[in-house]
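Notes follow once the structure below has been shown.
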Amino acid sequence: MKALVAAALIAPSALAQVRVEPRVFVKAHRVFVSGGVTWLERGDYYNSPGAAFSAAYYLGEDDAVELRSAIFASWLGASGEQVVRRTGLVPDAQKPVSLLTAGWRHSLAYGKVALASSILHFELQGGLDLGTLVTDRALTPAACGFFGVMARLSDRVYGQLDLGILTSIEQRSTSVVTAGFLPLLTLGARL
Amino acid sequence: MRAILPALLAAGCGEVHFVEPNPPRLFRNTAAFTSAAVNEPVVWVAVTNLFIENASECAWARQISVAAIREAIARAGGEQIEVNAQDLSPDCRRRGETPLDVNSLRAGFGAAQIALPATHVRPLIVYVDNIDFPLIDEPAAIEQARATSSPFRGLLWTVSFASVSTQLHADRSVAWSYAGDATLADRIGEVVKAELPLQSTASAASGAVPLLDGSQVDVTREFKVCAVPAEAAPDSYPALGTTHVLDGAHPPTITFKLPQVVASPKSSFSKSTFKASVEGCTANCDRYFIREPGADPFRWSDMPDCALGNQ
């Protein structure tokens, strides 16, 4: 009975300490542009690092439309190069040159974390882009689904890490659906 | 998150195969030869064995029957020799009254062969009989004549009832109707049209048959013989399973041995066609040939067999 009374006395004060802060990382009706690095890994014997650029306009706090592009500096990897050198055979995969997509981005969760003496505000996001993967031989239809983190670094600067799966339809020895891993790390600014 | 990353890396899919950027340029050619036929002369004899109630019509019946045969056989064209006819019932009163003179037939056919030295004489005996009753002595004599009057077994046609043609094992038969039947020549003519002139294979061998066409010889660098028929003369063609460098001055050829058919009735003679296949290479002959995506690559010039044929 004593414990019950004590709990009844403590609970209101504990509840009184819960506060909801106003959102610091505000995005609605604003344009975010960013640039950074990427790497397309799709098991095609090519090393494909690249530079990525994106621009997103947030319709609200949770949804945005975005344009994304990447330029790859692809070259044949060591194992592929060895086969080429020894036999003259080349992989039938097409060499990625660039990527151009447009799509939708959605915020799944908002949070903040204490890092050293500062507070980092971030969002977990996901999305889907459609467009084309330009190769050394053709424009191939492509789709990219991704999850990522968008973090506020200052009032106008933000960072973004997206982990995407890029699929495309490519004519090799036969027509195949390819899939590859596409991480993008960019740094951007709110306009 | 730790598990997701390897999974995403593993997700890189879409098979990648190594391919030959400069594959050998190949083509397939089939060299074919069809044997020709030559016509043989028609050397024939009429053997009549008629029973006519009115003896005064005997000679007429015999003459008009032989005339119908002669008219029909003449339609075959080409060289023809008619050996003197034989009549086994001279007065048309008793069937087989006179035995078949096999020696005379043999002499007649022999003379024809001498007269036509460059040909193959297969005798044709046209036996005319108007009685629907089994023969007694004639079958043995006719069989002897067929077997011995020429190096080639003689042919036997009958103008008779079916019982007689069956008994004589005739090669062809025309139904007897009545003496003086105006349709007889045409009915025999149908058989003539189907069977005469007799035909023989024109030559023993094909001669050198080019394995590559003229335009192919101009562009081919190397070639392989893929397959030849059993009739190919040994050593008459480049070895199988080997890559040969084309010598434009001496394009590859093959010779076929032709199965010999001699003086065969037209209906049973058929021309023979022989084919040999060749695979030629016009460029990049030492480069890799990959049969299908993912298959092992082989240098075409080192492959023991032809590449295109097994695809």
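First to last, the sequence lines map onto chains P and G. In short: position in the first sequence from 1, add 3, done, that's our numbering. Once you know that position 141 of the second sequence is 133 in our numbering, the rest is easy, because the numbers rise by one and skip nothing. We put the beta carbon where it would ideally sit given N, CA and C, even for glycine. Just so it is clear, the structure is predicted and the values come from calculations on it, not from any experiment.
For residue j and residue i, the rounded distance between their alpha carbons
{"i": "P/Phe149", "j": "P/Gly191", "result": "18 Å"}
{"i": "G/Tyr229", "j": "G/Thr193", "result": "23 Å"}
{"i": "G/Cys298", "j": "G/Ile180", "result": "54 Å"}
{"i": "G/Arg20", "j": "P/Leu92", "result": "24 Å"}
{"i": "P/Phe2", "j": "P/Ala117", "result": "This structure gives no information on residue 2 of chain P, because the portion of chain P shown stretches from 4 to 194."}
{"i": "P/Val34", "j": "P/Tyr48", "result": "37 Å"}
{"i": "G/Glu182", "j": "G/Ser165", "result": "11 Å"}
{"i": "P/Gln128", "j": "P/Ser82", "result": "36 Å"}
{"i": "G/Gly206", "j": "G/Thr247", "result": "18 Å"}
{"i": "G/Glu214", "j": "G/Gly272", "result": "6 Å"}
{"i": "G/Val217", "j": "G/Pro13", "result": "26 Å"}
{"i": "P/Val100", "j": "P/Gln85", "result": "22 Å"}
{"i": "G/Ser256", "j": "G/Pro189", "result": "9 Å"}
{"i": "G/Gly172", "j": "G/Val58", "result": "10 Å"}
{"i": "G/Val184", "j": "G/Ala68", "result": "6 Å"}
{"i": "G/Asp178", "j": "G/Ala167", "result": "12 Å"}
{"i": "G/Leu0", "j": "G/Pro15", "result": "Low per-residue confidence applies at G/Leu0: pLDDT is 45, beneath 50, and the placement is therefore not dependable enough to give any value."}
{"i": "G/Ala231", "j": "G/Ala200", "result": "15 Å"}
{"i": "G/Asp294", "j": "G/Thr234", "result": "8 Å"}
{"i": "G/Val237", "j": "G/Asp278", "result": "12 Å"}
{"i": "G/Ser262", "j": "G/Val253", "result": "9 Å"}
{"i": "G/Pro221", "j": "G/Phe266", "result": "7 Å"}
{"i": "P/Pro25", "j": "P/Leu194", "result": "21 Å"}
{"i": "G/Met(-7)", "j": "P/Leu185", "result": "Its pLDDT being 44, under 50, G/Met(-7) is placed unreliably by the model, and the measurement read from it follows with that caveat. Cα-Cα distance, rounded: 16 Å."}
{"i": "G/Ala51", "j": "G/Ala24", "result": "56 Å"}
{"i": "G/Gly240", "j": "G/Val270", "result": "16 Å"}
{"i": "G/Ala287", "j": "P/Leu142", "result": "28 Å"}
{"i": "P/Leu102", "j": "G/Gly301", "result": "42 Å"}
{"i": "P/Thr177", "j": "G/Pro285", "result": "8 Å"}
{"i": "P/Asp165", "j": "P/Met153", "result": "8 Å"}
{"i": "G/Gln208", "j": "G/Thr26", "result": "21 Å"}
{"i": "P/Leu62", "j": "P/Tyr161", "result": "18 Å"}
{"i": "G/Arg114", "j": "G/Tyr280", "result": "59 Å"}
{"i": "G/Gln55", "j": "G/Arg85", "result": "16 Å"}
{"i": "P/Ile168", "j": "P/Cys147", "result": "5 Å"}
{"i": "G/Glu187", "j": "G/Leu127", "result": "26 Å"}
{"i": "P/Thr189", "j": "P/Arg22", "result": "33 Å"}
{"i": "G/Pro131", "j": "G/Thr22", "result": "51 Å"}
{"i": "G/Val211", "j": "G/Arg291", "result": "20 Å"}
{"i": "P/Gln97", "j": "G/Ile282", "result": "19 Å"}
{"i": "G/Ser142", "j": "G/Glu45", "result": "36 Å"}
9 Å Cβ cutoff met for residue i and residue j
{"i": "G/Ile65", "j": "G/Leu116", "result": "yes"}
{"i": "G/Asp83", "j": "G/Thr40", "result": "no"}
{"i": "G/Ala275", "j": "G/Leu203", "result": "no"}
{"i": "P/Ala76", "j": "P/Ser51", "result": "yes"}
{"i": "G/Ala99", "j": "G/Val37", "result": "no"}
{"i": "P/Thr104", "j": "P/Gly134", "result": "yes"}
{"i": "G/His9", "j": "P/Asp95", "result": "yes"}
{"i": "G/Leu160", "j": "G/Leu147", "result": "no"}
{"i": "G/Ala197", "j": "G/Ala219", "result": "no"}
{"i": "G/Ala162", "j": "G/Thr150", "result": "yes"}
{"i": "G/Asp124", "j": "G/Val156", "result": "yes"}
{"i": "G/Pro251", "j": "G/Ser260", "result": "no"}
Strand pairing of residue i, partner residues [DSSP]
{"i": "P/Asp132", "result": "P/Gly106 and P/Cys147"}
{"i": "P/Ser72", "result": "P/Phe56 and P/Leu103"}
{"i": "P/Ser121", "result": "P/Leu118"}
{"i": "G/Ile117", "result": "G/Val37 and G/Leu148"}
{"i": "P/Glu64", "result": "Looking at the DSSP assignment, P/Glu64 forms no beta bridge with any residue, so it has no partner."}
{"i": "P/Gln85", "result": "P/Gln85 is not bridged to any residue."}
{"i": "G/His236", "result": "G/Phe215"}
{"i": "G/Asn21", "result": "G/Val270"}
{"i": "G/Gln72", "result": "G/Val34"}
{"i": "G/Lys249", "result": "G/Ala197"}
{"i": "P/Asn50", "result": "P/Trp78"}
{"i": "P/Ala192", "result": "P/Val36 and P/Val160"}
{"i": "P/Ser178", "result": "P/Gln174"}
{"i": "P/Thr41", "result": "P/Gly53 and P/Leu187"}
{"i": "P/Ile168", "result": "P/Gly148 and P/Phe184"}
Per-residue contacts from residue i into chain C (C-beta, under 9 Å)
{"i": "P/Ala141", "result": "No chain C appears in this structure, whose protein chains are P and G."}
Residue i CB to nearest heavy atom of the ligand ZN below 8 Å
{"i": "P/Ser176", "result": "The ligand content of the structure shown is nil, which means the ligand ZN is not present either."}
Is the region 135 to 155 of chain G touching the region 91 to 100 of chain G in the sense that three or more CB pairs, one from each, lie closer than 8 Å? yes
Taking three-plus beta-carbon pairs below 8 Å as touching, is the region 31 to 41 of chain G in contact with the region 102 to 113 of chain P? no
Using 8 Å as the threshold, is the region 51 to 58 of chain P in touch with the region 166 to 179 of chain P, meaning 3 or more CB pairs across them? no
Any residues in the region 256 to 289 of chain G with a beta carbon nearer than 9 Å to a beta carbon of chain P? Which ones, in chain order? Arg279, Tyr280, Ile282, Glu284, Pro285, Gly286 and Pro289
Counting only Cβ-Cβ distances shorter than 8 Å, please list the residues of the region 3 to 17 of chain G near chain P, keeping chain order. Ala3, Gly4, Cys5, Gly6, Glu7, Val8, His9, Phe10, Val11, Glu12, Pro13 and Asn14
Check distances from the C-beta atoms of the region 83 to 101 of chain P to those of chain G and list, in chain order, the residues that come in under 9 Å. Gly83, Val86, Val87, Thr90, Gly91, Leu92, Val93, Pro94, Asp95 and Ala96
Please confirm if the region 52 to 70 of chain G is in contact with the region 97 to 109 of chain G, defined as three or more CB-CB distances below 8 Å between the two stretches. no
Looking at chain G, which residues of the region 42 to 53 of chain P have a Cβ within less than 8 Å of any of its Cβ atoms? Glu44, Arg45, Gly46, Asp47 and Tyr48
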